[in-house]
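Going line by line, the protein sequences match chains A and B. For reference, each letter of the first sequence is one residue, going 1 to 98 in this note's numbering. For reference, each letter of the second sequence is one residue, going 1 to 233 in this note's numbering. Here's the structure we're looking at; comments come further down.
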Amino acid sequence: MRRYLLIRIYSENHTAISGEQFNDALLSSVRKYFGEIGVNTIVPKLLRFDPHRLEAIVACQSREKDLQAAVALIREIAGSSTAALTVRISGTIKSLMT
Amino acid sequence: MHKTVDLHIIPRVEDEKSCIKIAQMLKSAGYRAVALTLPTGLLKEHVRSIRNRFTDSGIEVFVRIDISCANRQELLRLLRRFRNVYDVVAVKCVNHTLGLVAARDRRVDIIFFDPLKRDVRFDHSIANVSRAALELNLSTLFSESTLLTKPMKEIDIATQHTVRIVLSSGSTSPMMIRTPEQLSAIGMALGLNVRQAHDGVSAIPWSIVEHNVERRSKEYVEEGVRVVKKRVT
Chain A
1 MRRYLLIRIY SENHTAISGE QFNDALLSSV RKYFGEIGVN TIVPKLLRFD PHRLEAIVAC
61 QSREKDLQAA VALIREIAGS STAALTVRIS GTIKSLMT
Chain B
1 MHKTVDLHII PRVEDEKSCI KIAQMLKSAG YRAVALTLPT GLLKEHVRSI RNRFTDSGIE
61 VFVRIDISCA NRQELLRLLR RFRNVYDVVA VKCVNHTLGL VAARDRRVDI IFFDPLKRDV
121 RFDHSIANVS RAALELNLST LFSESTLLTK PMKEIDIATQ HTVRIVLSSG STSPMMIRTP
181 EQLSAIGMAL GLNVRQAHDG VSAIPWSIVE HNVERRSKEY VEEGVRVVKK RVT
């Protein structure tokens, strides 16, 4: 079942992070901890990224707990120490925004 | 979910800014209580000011000690000295003998292992006698050289022997803090079931601190015995 995660990113020294950089870090974390098969079953997809609020909405096909773990294990984005916290998980994007 | 607790935060005591940031991160991550590992020689006023940084953010604070020593005598001596001073007593098992002693001793709340030390691990002999909970620290998983097989095996053994598992961040900086849901998700990825993973960040750590706070109260006499009313003569 498709699930959506609202992720808030905290960066040390408030380094600017782009959506592409976050997506790369997310995919490499999923690949590192769950492998190529994990990437193909979870199918993480960055839908929205707000560079000012440093918030992202990521969709996954299944295994949202594994995606949550992979997000938690992201430690660095663009060379700076980062914490990506999952704020909410939902079945629709609309309810994530409210 | 119960009250969520992170039982292993190691703040840089000399860096006030970092302490405040950690407190803010913990609050935004949704924690209700934390156990802070503080150095043993710290002045009471200093401990109070660090506590205040966290309580100001609305987080309940407990103080924890991480005992790391090489032999049994030293461990017993340190337990005698510090058991009544700290809310949570954890032992870092640096060798197998120490792991056995710590796991068996009822003054120890938590045991944890260094994932980089391959020869020292949580095995069946320790699990069989363990009264303490086994702690898995997220900070150790961040290390590049850490293999996930070791914590997975530890979880498997702990589950077989019904040893309680605590999931903590072990963070020394604000950037190492994760939400309780993320910690339980990592626990599930390592082999815990949903119930165990949720309890690992809430019910189990909370029961440990609650029990110890009661044990340190004035009314407490011994296990199962407490003063209800004083006799007036």
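We put the CB at the ideal spot given by N, CA and C, even for glycine.
{"Item": "DSSP three-state assignment for B/C69, whether helix, strand or coil", "Value": "coil"}
{"Item": "Spatially closest choice to B/F54 from B/K21, B/L192, B/T4, by CA coordinates", "Value": "B/K21"}
{"Item": "Proximal residues to B/V227 (C-beta, below 7 Å), its chain only, five neighbours per side dropped", "Value": "E219, V221"}
{"Item": "Interface residues of chain B facing A/V71 [CB-CB closer than 8 Å]", "Value": "Q182"}
{"Item": "Cβ-based burial, B/M25 [other Cβ within 10 Å; buried from 16]", "Value": "buried"}
{"Item": "Cβ-Cβ distance between B/E250 and B/V108 below 9 Å", "Value": "Nothing about residue 250 of chain B can be reported from this structure: the residues present for chain B run from 1 to 233 only."}
{"Item": "Contact list for the stretch 173 to 198 of chain B against chain A, Cβ threshold 9 Å", "Value": "S173, P174, M175, M176, I177, R178, T179, E181, Q182, L183, S184, A185, I186, G187, M188, A189, L190, V194, A197"}
{"Item": "N- and C-terminal bounds of the beta strand (DSSP E) containing A/S87", "Value": "Before going further, note that residue 87 of chain A is Val rather than Ser in the sequence given. Its beta strand (DSSP E) spans residues 80 to 90."}
{"Item": "Residue range of the alpha helix (DSSP H) that includes B/N212", "Value": "203 to 216"}
{"Item": "Neighbour list for A/T82 in chain B, Cβ cutoff strictly below 9 Å", "Value": "M175"}
{"Item": "Three-state secondary structure assigned by DSSP to B/F122", "Value": "coil"}
{"Item": "Buried versus exposed, by CB contacts within 10 Å (16 or more), B/L43", "Value": "exposed"}
{"Item": "Under the three-state DSSP convention, the category B/A132 falls into", "Value": "coil"}
{"Item": "Which listed residue (B/M175, B/P180, B/K17) has its alpha carbon closest to that of B/S168", "Value": "B/P180"}
{"Item": "Exposure label - B/M176; buried when at least 16 CB within 10 Å", "Value": "buried"}
{"Item": "Three-way DSSP call (helix, strand, coil) for B/V85 in this model", "Value": "coil"}
{"Item": "Cutoff 9 Å: A/E12 Cβ touching any chain B Cβ", "Value": "yes"}
{"Item": "Reference A/K94, options A/A59, A/A16, A/S18, closest by Cα", "Value": "A/A59"}
{"Item": "Neighbourhood of B/N71 by C-beta, 8 Å cutoff - its chain only, sequence neighbours within 5 removed", "Value": "T97, L98"}
{"Item": "Closest residue to B/H211 among B/D87, B/T40, B/H124 (Cα-Cα distance)", "Value": "B/D87"}
{"Item": "Short Cβ contact (9 Å threshold) for A/L6 with A/I89", "Value": "yes"}
{"Item": "Identity of the residue in A/S28, A/F22, A/R31 nearest A/L47 by Cα", "Value": "A/F22"}
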